[in-house]
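Contents: one structure, followed by commentary.
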Amino acid sequence: MCGVFGAVTPGTDAARIASFGLFALQHRGQESAGLAVSDGDQLMVHKDLGLIAQVLDDRRLPSLRGHLAVAHCRYSTTGSTRWENAQPTFRLGPRRAIAIGHNGNLVNTRDLLARLPGGRARLTASTDTDLLTALIADDPSVDVVDALIHVLPTARGAYSLVVLDRTRVIGVRDPHGFRPLVLGRVSPELLDPVGQEALGLVDEPDRTGWVLSSETAGLDIIGAEYVRDVEPGEIVILEEGREPRSVRFAEASPHLCVFELIYFARPDSYMLGRNLYEVRRRMGMALALEHPTDADLVMPVPDTGSPAAAGYAEASGIPYREGLVKNRYAGRTFIQPSTAMRQRGVAVKLNPLREVVRGKRLVVVDDSIVRGTTTRSIVALLRKAGAAEVHLRISAPPIYHPCFYGIDTQIETELIASRLDADGIREFLGADSLGYLSIAGILSALDLPYDGFCFACFDGSYPEPVPYDAASRKLVLEEEHVRVAG
Ligand code: SF4
Numbered sequence: 052m053c054g055v056f057g058a059v060t061p062g063t064d065a066a067r068i069a070s071f072g073l074f075a076l077q078h079r080g081q082e083s084a085g086l087a088v089s090d091g092d093q094l095m096v097h098k099d100l101g102l103i104a105q106v107l108d109d110r111r112l113p114s115l116r117g118h119l120a121v122a123h124c125r126y127s128t129t130g131s132t133r134w135e136n137a138q139p140t141f142r143l144g145p146r147r148a149i150a151i152g153h154n155g156n157l158v159n160t161r162d163l164l165a166r167l168p169g170g171r172a173r174l175t176a177s178t179d180t181d182l183l184t185a186l187i188a189d190d191p192s193v194d195v196v197d198a199l200i201h202v203l204p205t206a207r208g209a210y211s212l213v214v215l216d217r218t219r220v221i222g223v224r225d226p227h228g229f230r231p232l233v234l235g236r237v238s239p240e241l242l243d244p245v246g247q248e249a250l251g252l253v254d255e256p257d258r259t260g261w262v263l264s265s266e267t268a269g270l271d272i273i274g275a276e277y278v279r280d281v282e283p284g285e286i287v288i289l290e291e292g293r294e295p296r297s298v299r300f301a302e303a304s305p306h307l308c309v310f311e312l313i314y315f316a317r318p319d320s321y322m323l324g325r326n327l328y329e330v331r332r333r334m335g336m337a338l339a340l341e342h343p344t345d346a347d348l349v350m351p352v353p354d355t356g357s358p359a360a361a362g363y364a365e366a367s368g369i370p371y372r373e374g375l376v377k378n379r380y381a382g383r384t385f386i387q388p389s390t391a392m393r394q395r396g397v398a399v400k401l402n403p404l405r406e407v408v409r410g411k412r413l414v415v416v417d418d419s420i421v422r423g424t425t426t427r428s429i430v431a432l433l434r435k436a437g438a439a440e441v442h443l444r445i446s447a448p449p450i451y452h453p454c455f456y457g458i459d460t461q462i463e464t465e466l467i468a469s470r471l472d473a474d475g476i477r478e479f480l481g482a483d484s485l486g487y488l489s490i491a492g493i494l495s496a497l498d499l500p501y502d503g504f505c506f507a508c509f510d511g512s513y514p515e516p517v518p519y520d521a522a523s524r525k526l527v528l529e530e531e532h533v534r535v536a537g
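For the sequence shown, my numbering assigns the number 52 to the initial residue and increments by one for each residue that follows.
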C-alpha cells in the first residue's frame, strides 16, 4: 500500500500542492516519500527515506519548479527499505524521460524482467515499479500514452500509477482497480484568499488545475472538488489548458480491495460513493448482530477501530468509552516493516485508562487481526489494568490468505488464522471470547454486491492468478541481482 498524488497547476508550481495532497495520504506509507516535477521541459526528482514532512520540507520545495508534479509515499511490498527503492522512479529512455509513482504490487515481475533488454543489471532499484518504468521508458512508441497502451497489458497485478513526462501527468488504474485513484479539479475560486496564498494559486479563469489522488481526503486538503474515479483499465491524461482526456487500455474487471474500505483508507475518504466512517460504523452494527455479548463497555482499539466500535455500541446498547490512549506520534504498528519494530511499537503506542477499564467487562473492537501479536499485547495491557473480561470483536473476517496486490501479508504462515482455528486464536490472544464479522456482514454494511471487490485474503478467491514461489516475491529483484552478480 502506498499513496500517490499528481497535479497539473497552470501558472504556479505544482510541488506545494502535490506535497499537501500527499500529506493527507501519509497513513498509506511511511518508509519514504518523494516528488517529481516538470516545467514543461525538464524533469527533476527529489526523494528520500522518511516521512513526507521530513522529505518535502520548506527548504526543498522552492527548488522543485514546474506546473506538473507527481508524488509518492511508500510502504514496501517489493524490495527492501533503501533510498534507491523510494519513489517516484525516474528513467531517461531513448524517446522519453518519465517518473512514476505506483500504488500496488505486480505479480509477474519475473516475466516482465525477461522482457527488459539487459535484464536485472539495467535496474538501479529492486522494485517492480523500477522495472515497469524501464519498460515504459524503453518502449519504441513515439508517444508515452502509446507506450503505456503497449506495455501495461503485459503487467499483471495491482497498479494505480501517476506518471509524469515533460508535459503531462497521467493517471492509470489496472483492469481490476485493486487500488483506488480519483480525479479532482482545483481552481482558485474554490479556495478562500488564505488557501490561494498558501498554495500559490492565482485567481484567474484559465488557471484551472487537475489532480489525481489515492483517496478523496487528498482532494479535501487542497480544496479540490471530486470529479470521478479513474476507472479500472483507464488512462487519464492531464495537461495544461485542456480538459482531462481518457483512453482505455483494457476491459474493466473491477475488484477493488475490500480492505481499503474496512481499514486502510482514511475514514473521511469516500469510495464507491460511500463515506468510509459510515461504512465502518455499519460494519460495527452488523458485528453486534452477529456476535452479541453481555458487557459493561464497548471500546475501540484506537484509532482504526473507532467507527466500528461506535456502531457496535449503537446496535448493542452497551455504553461506548475510550479505554486506551494512543500516542499519536507512534506509527501504525501494522505498517512498520519488521516484526521487531512491530513488537516494540505496541508498548509505546497504547496505554490503558485504568479508571475506565478496572473491574469492567469490555467489548474491544478492532478492524483486523493479521499476525495476532499486536492484539495479544493489547489484551494483556487491559488485563493488567484490571479488566474483568475482554471480548474481542473484529469488523472483518479472519485473514486466511496472503495478499499479492500491495499489502505486505505475503507469507501465509505469518497469518494467525491460517495456523490456528477460532478457539486457538482466542486462546493465543488471551481473550474471553472472539467474534469476526462475516463476508455477508461486510456486504450488508456496504450495501453492495460481492462482485466488484477483492476478498481474496478472506476467501482465497484471487481475481488475478498469483505465482507459486510465494516466499521470495517481495525480494525477487534483489535475489535476481545477487544471482546475476554471482
Ligand atoms: Fe485487499 Fe485482501 Fe485482495 Fe489484498 S487479497 S487486495 S488485502 S482484499
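C-beta atoms are modelled at their ideal positions from N, C-alpha and C, and glycine is treated no differently. Being a predicted model, the structure only gives us computed values, none of them experimental.
Assigned with DSSP and collapsed to three states, Asp474 falls in helix. Taking 8 Å as the cut-off, the Cβ atoms of Phe229 and Ala209 count as close. Ordered by chain, the residues meeting the criterion of a beta-carbon within less than 6 Å of a non-hydrogen atom of ligand 1 are Phe229, Cys308, Val309, Phe310, Cys454, Tyr456, Ile458, Cys505, Phe506, Ala507, Cys508. Linking Asp347 to Pro370 through their CA atoms gives a straight-line distance of about 7 Å. Straight through space, the alpha carbons of Lys435 and Leu323 are spaced by roughly 42 Å. Within the same chain, Cβ atoms closer than 8 Å to the Cβ of Arg405 are found at Ala436, Gly437, the five residues on either side in sequence being excluded. Under DSSP, the beta-bridge partners assigned to Lys377 are Leu401. When rounded, the separation of the alpha-carbon atoms in Ala148 and His227 is 28 Å.
One thing to note: Leu199 has its Cβ within 8 Å of the Cβ of Phe300. Here the stretch 273-290 makes no contact with the stretch 471-484; the two share fewer than three CB pairs at distances below 8 Å.
Excluding five sequence positions before and after Leu174, the CB atoms of its chain that fall closer than 7 Å to its own CB belong to Asp181, Leu182, Ala185, Leu528, given in chain order. Under the 8 Å Cβ criterion, the stretch 502-511 counts as touching the stretch 307-315, having at least three qualifying pairs.
DSSP places Thr425 in the uninterrupted alpha helix (DSSP H) bounded by 424-435. The stretch 152-165 makes no contact with the stretch 105-115, as fewer than three CB pairs between them are under 8 Å. Non-local C-beta neighbours of Ser264 in its own chain, meaning closer than 6 Å and more than five positions away in sequence, comprise Phe56, Gly72, Val233, Leu270, ordered along the chain.
Selection Arg133, Val195, Gly410 evaluated against Leu143 yields Val195 as nearest (Cα-Cα). In the three-state scheme derived from DSSP, where H, G and I count as helix and E and B as strand, Tyr371 is classed as strand. Under the DSSP assignment, Thr63 falls outside any alpha helix (DSSP H); it carries neither an H nor an E label. Counting the other Cβ atoms within 10 Å of the Cβ of Ser428 gives 16 or more, which makes it buried.
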